[in-house]
Amino acid sequence: MSRSRWLQFPWLTLFTRPRRVVLFFVSCFPAISMAFDFSNAEVTEVDGIYYIKFAAVVEAHPDYIRYVLADSEHIYRLSPSIIESEVLSPRGADDKRVRTRLLNCTPVFCLEIERVDAVRMLASGDFEAEIVPSLSEFKSGRATWKIVPMDGYSYMVYEAHLEPDFFIPPVVGKQMVIETLKDEFATTFVNIEKIARVNANKDRIAGMLLSDAGAKILRSPCAEYARASLQ
Amino acid sequence: MTPRGFCASAVAVLLLPACATQPVSFSYDVVPILQDRCIKCHAPPDGKGYRQTGLSMLTYESLMAGTDYGPVIIAGDSRRSILNMLVEGRAGKKQRMPHNETEALSQAQIETLKEWVNQGALDN
Chain W
16 MSRSRWLQFP WLTLFTRPRR VVLFFVSCFP AISMAFDFSN AEVTEVDGIY YIKFAAVVEA
76 HPDYIRYVLA DSEHIYRLSP SIIESEVLSP RGADDKRVRT RLLNCTPVFC LEIERVDAVR
136 MLASGDFEAE IVPSLSEFKS GRATWKIVPM DGYSYMVYEA HLEPDFFIPP VVGKQMVIET
196 LKDEFATTFV NIEKIARVNA NKDRIAGMLL SDAGAKILRS PCAEYARASL Q
Chain D
595 MTPRGFCASA VAVLLLPACA TQPVSFSYDV VPILQDRCIK CHAPPDGKGY RQTGLSMLTY
655 ESLMAGTDYG PVIIAGDSRR SILNMLVEGR AGKKQRMPHN ETEALSQAQI ETLKEWVNQG
715 ALDN
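Protein chains in written order, with the working numbering: chain W, 16 to 246; chain D, 595 to 718.
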């Protein structure tokens, strides 16, 4: 059964399968647009698959960025679009599953999307998330977060392909989704940077050394997976 | 649309204001909930929640300022407000607020907070 819910103007229901539609006659709030200086911001769609790449210098140390990404219990801090989140019981040492429910709005319609990702921290310190199709409203999807040290800061690259298993209105809808994704990632990058800097500042005040931050990642909710990957 | 359908719609529109929910007051409705269930941890300088996240619920201003990581309330949008998400348990059992109490907020308390945020999170 589909868990997707369209929040949209009535005319759009003409194009959707009735069983998937729940109408909400509420106003939609457009995604909060935040400025972020991306060196690369690409979202394209080919044959129903969205290819996404965002890259930017983030003014925070890589270990603190990793800690934010590893802290799945607080994933809701990364974006106001996350309206539900939950760390599901792991199925194995290299498979932490994170469930999120997202509310994404274009100027014309809103979508609630359920997804479950199997999240792994790789030995390189990068992160990989793979959609679990049977628990998600995506046919497939994989994302990587690469974090490259850069003079005390980080060069962060997010690359993903996502194949939605829900209806997106043709032409205009796709363009709106692309623009909404750009806004969404700007917000997410801003929040990752902010949270990483706050955590770094707290550690500094507490007298923690930078090297402790790496250890902190290993005490994070993704500890056993990170440990397994880093060994 | 049939004439009957049109009439039904017109009546529904006319009745909407009468069916509107009552205004929720920050002072009279929300503050008692915060004082009863949240202030113990979210008050400076020693509240555990305050020390961990910087969220003080002592005043309207401090509540709206949110945590060190960002706001917890988006006025008019309880679905996206972290405060509502956490008390409703939408961020998982471990994150449900209040953390250290055996009981979650009552459904009435949850609804009050939701309505207050949806009505604009006013300092009223």
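Backbone N, C-alpha and C fix where the C-beta goes; we use that ideal spot for every residue, glycine too.
Taking just the CA atoms, how far does residue j sit from residue i?
i                     : j                     : result
residue 159 (chain W) : residue 70 (chain W)  : 12 Å
residue 67 (chain W)  : residue 193 (chain W) : 9 Å
residue 195 (chain W) : residue 124 (chain W) : 11 Å
residue 247 (chain W) : residue 139 (chain W) : Limits of chain W in this structure are 16 at one end and 246 at the other, which puts residue 247 (chain W) out of reach.
residue 659 (chain D) : residue 666 (chain D) : 8 Å
residue 181 (chain W) : residue 690 (chain D) : 30 Å
residue 154 (chain W) : residue 711 (chain D) : 35 Å
residue 215 (chain W) : residue 51 (chain W)  : 21 Å
residue 151 (chain W) : residue 102 (chain W) : 14 Å
residue 638 (chain D) : residue 655 (chain D) : 14 Å
residue 621 (chain D) : residue 222 (chain W) : 40 Å
residue 41 (chain W)  : residue 647 (chain D) : Low confidence applies to residue 41 (chain W): its pLDDT is 29, below 50, so where it sits in the model is not reliable enough to give any reading.
residue 126 (chain W) : residue 96 (chain W)  : 10 Å
residue 249 (chain W) : residue 213 (chain W) : The question about residue 249 (chain W) has no answer here: the residues shown for chain W are numbered 16 through 246.
residue 149 (chain W) : residue 112 (chain W) : 13 Å
residue 672 (chain D) : residue 189 (chain W) : 27 Å
residue 147 (chain W) : residue 668 (chain D) : 31 Å
residue 128 (chain W) : residue 191 (chain W) : 16 Å
residue 74 (chain W)  : residue 206 (chain W) : 11 Å
residue 56 (chain W)  : residue 201 (chain W) : 9 Å
residue 119 (chain W) : residue 674 (chain D) : 10 Å
residue 617 (chain D) : residue 636 (chain D) : 26 Å
residue 716 (chain D) : residue 137 (chain W) : 46 Å
residue 48 (chain W)  : residue 54 (chain W)  : Any reading at residue 48 (chain W) must be qualified, since the residue scores a pLDDT of 45, below 50, and its modelled position is unreliable; the value itself is stated next. Going from the Cα of residue 48 (chain W) to the Cα of residue 54 (chain W) covers about 17 Å.
residue 144 (chain W) : residue 708 (chain D) : 32 Å
residue 98 (chain W)  : residue 677 (chain D) : 11 Å
residue 217 (chain W) : residue 178 (chain W) : 39 Å
residue 81 (chain W)  : residue 141 (chain W) : 8 Å
residue 686 (chain D) : residue 714 (chain D) : 26 Å
residue 39 (chain W)  : residue 131 (chain W) : Low per-residue confidence applies at residue 39 (chain W): pLDDT is 31, beneath 50, and the placement is therefore not dependable, though the value from the model is reported in the following sentence. Roughly 24 Å separates the two Cα atoms.
residue 634 (chain D) : residue 203 (chain W) : 31 Å
residue 23 (chain W)  : residue 615 (chain D) : Low local confidence applies: a pLDDT of 39 at residue 23 (chain W) is under 50, so the model's placement there is unreliable, with the coordinate-based value given in what follows. Straight-line Cα distance between these residues: approximately 23 Å.
residue 164 (chain W) : residue 185 (chain W) : 40 Å
residue 77 (chain W)  : residue 135 (chain W) : 17 Å
Is residue i helix, strand or coil by DSSP?
i                     : result
residue 636 (chain D) : coil
residue 124 (chain W) : strand
residue 89 (chain W)  : helix
residue 11 (chain W)  : Beyond the ends of chain W as shown, which are 16 and 246, falls residue 11 (chain W); an answer cannot be given.
residue 173 (chain W) : strand
residue 94 (chain W)  : coil
residue 681 (chain D) : helix
residue 712 (chain D) : helix
residue 167 (chain W) : coil
residue 663 (chain D) : coil
residue 136 (chain W) : strand
residue 206 (chain W) : helix
residue 156 (chain W) : strand
residue 101 (chain W) : strand
residue 706 (chain D) : helix
residue 620 (chain D) : helix
residue 214 (chain W) : helix
residue 668 (chain D) : coil
residue 70 (chain W)  : strand
residue 187 (chain W) : helix
residue 130 (chain W) : strand
residue 648 (chain D) : coil
residue 697 (chain D) : coil
Going by the beta-carbon positions, is the gap between residue i and residue j smaller than 8 Å?
i                     : j                     : result
residue 275 (chain W) : residue 211 (chain W) : Outside the displayed range of chain W (16 to 246) lies residue 275 (chain W), so it cannot be described from this structure.
residue 72 (chain W)  : residue 173 (chain W) : no
residue 94 (chain W)  : residue 199 (chain W) : yes
residue 644 (chain D) : residue 209 (chain W) : no
residue 100 (chain W) : residue 115 (chain W) : yes
residue 175 (chain W) : residue 156 (chain W) : yes
residue 197 (chain W) : residue 58 (chain W)  : yes
residue 661 (chain D) : residue 652 (chain D) : no
If you measure from the CB of residue i, is any heavy atom of the ligand ADP nearer than 7 Å?
i                     : result
residue 178 (chain W) : This structure simply doesn't include the ligand ADP, nor any ligand for that matter.
#### Entry: Residues within the region 644–675 of chain D neighbouring chain W, beta-carbon criterion of under 7 Å
662, 663, 664, 668, 671, 673 and 674
>> Output needed in chain order: residues of the region 675–690 of chain D with a Cβ under 7 Å from some Cβ in chain W.
In response: 676, 679, 684, 685, 686, 688 and 689
Check your understanding: Going along the region 85–104 of chain W in order, which residues come within less than 8 Å of chain D, judged by CB to CB distance?
Key -> 88, 89, 91, 92, 95, 96, 98, 99, 100, 101 and 102
* Cβ-based contacts, 8 Å cut-off: residues of the region 189–210 of chain W near chain D -> 206, 209 and 210
If contact is defined by three or more beta carbon pairs under 8 Å, each pair taking one atom from either stretch, is the region 698–705 of chain D in contact with the region 627–643 of chain D? yes
(Q) I'd like to know if the region 675–692 of chain D and the region 613–626 of chain D are in contact, where contact means that at least 3 CB-CB pairs between them fall below 8 Å. (A) no
Exercise for review: Determine, using beta-carbon pairs with one atom in the region 57–67 of chain W and one in the region 78–96 of chain W, whether at least three such pairs fall under 8 Å.
Suggested key: no
Could you name the residues of the region 117–136 of chain W whose beta carbon sits closer than 7 Å to any beta carbon of chain D, in the order they occur along the chain? 118
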